[in-house]
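Accompanying notes for the structure given below.
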């Protein structure tokens, strides 16, 4: 996980034409989109020992016709039977990499009102779960946000993304921040999620932006260990590409705001 302001403008030179075009097409947040993708390239380059500009994306296998025009995947990771997923929201970005398993992550600001769109994203049963947590509107919003991030992370793990009707993904919250998502065609996704305050806002401000994250994986391919996060503190000279040398530090909670995280995360059921 990282903050877009830690990515120098010069790092945008490592992006490919498709990434640049996607950023330019965005009506708002295009600059943050581009800087988050440049940061992810820097972290993945350090992780793989490849210059960020040399990383190449290709289409994944389509779920319907098996042709490679699905979501973009990193060819260097595909060659190693690894999967990655990234998300960004506001000033922050999130990245995860896993060996031999399909996974997805989502990151959302808690300033977005997901509860008002509940009928378009949640089944009637799920809506009862959301409103039944508490009568406090803030808690209802947090419950809806937890459900949305779980479903979006699951949709990425399934390889369908936002093309799927979220009402066909049945979300069940589990103890300890875990969740399960079941599809209409009998596939099962497990995951874990949580919330945290903005890392660069002083505590005590009632209106300070917070975030909700979720990570999901196909239930038949998950390892058994509990979560372990490997962080990479990127030294000065992030924009120098191949000159980056990762310094791993193991920790059980998110990194401080001055660290960029590579999400090599082992997550258990």
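Residue numbers (the UniProt record's numbering): 1 to 269. We treat Cβ as the ideally placed atom computed from N, Cα and C, and that holds for glycine. Just so it is clear, the structure is predicted and the values come from calculations on it, not from any experiment.
Just grab the DSSP bridge partners of residue 92 for me. Beta-bridge pairing links residue 92 to 3 and 89.
Check: What residues match up with residue 212 in a beta bridge as DSSP calls it?
Finding: 108 and 195
So that I know if they touch, is there some Cβ in chain C lying closer than 7 Å to that of residue 98?
Judged by its chain identifiers, the structure shown contains no chain C, having just a single protein chain.
* Mind checking residue 10: buried by the 16 CB within 10 Å criterion, or exposed? -> exposed
Practice item. Note down, one range per segment and in chain order, each alpha helix (DSSP H) of at least 4 residues found wholly within the stretch 1-41. Key: 17-25
To the nearest whole angstrom, what separates the beta carbons of residue 50 and residue 76, a pair I think is in contact under 8 Å?
-> The distance from the Cβ of residue 50 to that of residue 76 is about 6 Å, consistent with a contact at the 8 Å cut-off.
Straight-line gap, residue 105 to residue 119 (C-alpha atoms, nearest Å): 23 Å
inquiry  = Quick check for students: name the residue ranges of the alpha helix (DSSP H) that lie wholly in the stretch 136-163, counting only runs of 4 or more.
reply    = Taken in chain order, the unbroken stretches of alpha helix (DSSP H) that lie wholly in the stretch 136-163 and span 4 residues or more are 137-158.
Exercise. Give the secondary structure of residue 123 by DSSP, where H, G and I count as helix, E and B as strand, and everything else as coil.
Key: Note: residue 123 maps to coil in three-state DSSP.
Could you tell me if residue 79 is buried or exposed, where buried requires 16 or more neighbouring beta carbons within 10 angstroms of its beta carbon?
Flag for residue 79 reads exposed.
*asked:* What does DSSP give as the partner residue(s) for residue 172 in the beta ladder?
replied: 180
Express the C-alpha separation of residue 108 and residue 28 in angstroms, rounding to a whole number.
16 Å
Around the C-beta of residue 222, are 16 or more other C-beta atoms found within 10 angstroms, so that it is buried, or is it exposed? Summary for residue 222: the model assigns pLDDT 48, below 50, so the residue's position carries little reliability, and this model does not support an answer.
(request) Could you please give me the residues that DSSP links to residue 82 through a beta bridge? (result) In the DSSP output, where bridge partners are listed per residue, residue 82 has 99.
**CB contact flag (residue 95, residue 101, <7 Å)** = Their beta carbons are not under 7 Å apart, which means residue 95 does not touch residue 101 by this criterion.
**Item:** CA-to-CA distance, residue 122 to residue 129, given in whole angstroms
**Value:** 10 Å
Buried or exposed: which applies to residue 132, given that a residue is buried once 16 or more other Cβ atoms fall within 10 Å of its Cβ?
exposed
Can you tell me whether DSSP reads residue 50 as helix, strand or coil?
coil
Open item on the list: Given 6 Å as the limit, tell me if residue 87 has its C-beta closer than that to any heavy atom belonging to the ligand NAD.
Closed with: Looking for the ligand NAD in the displayed structure turns up nothing, as the structure carries no ligands at all.
Given a cut-off of 7 Å on the beta-carbon distance, is the pair residue 193 and residue 213 in contact? yes
Practice problem: Name the residue from 117, 146 and 2 whose alpha carbon lies nearest to the alpha carbon of residue 176. | Solution: 146
Alpha carbon to alpha carbon, what distance is there between residue 139 and residue 170?
-> 20 Å
Cα-Cα separation, residue 167 to residue 103: 20 Å
query = How is residue 59 classed by DSSP in three states: helix, strand or coil?
reply = Note: residue 59 maps to strand in three-state DSSP.
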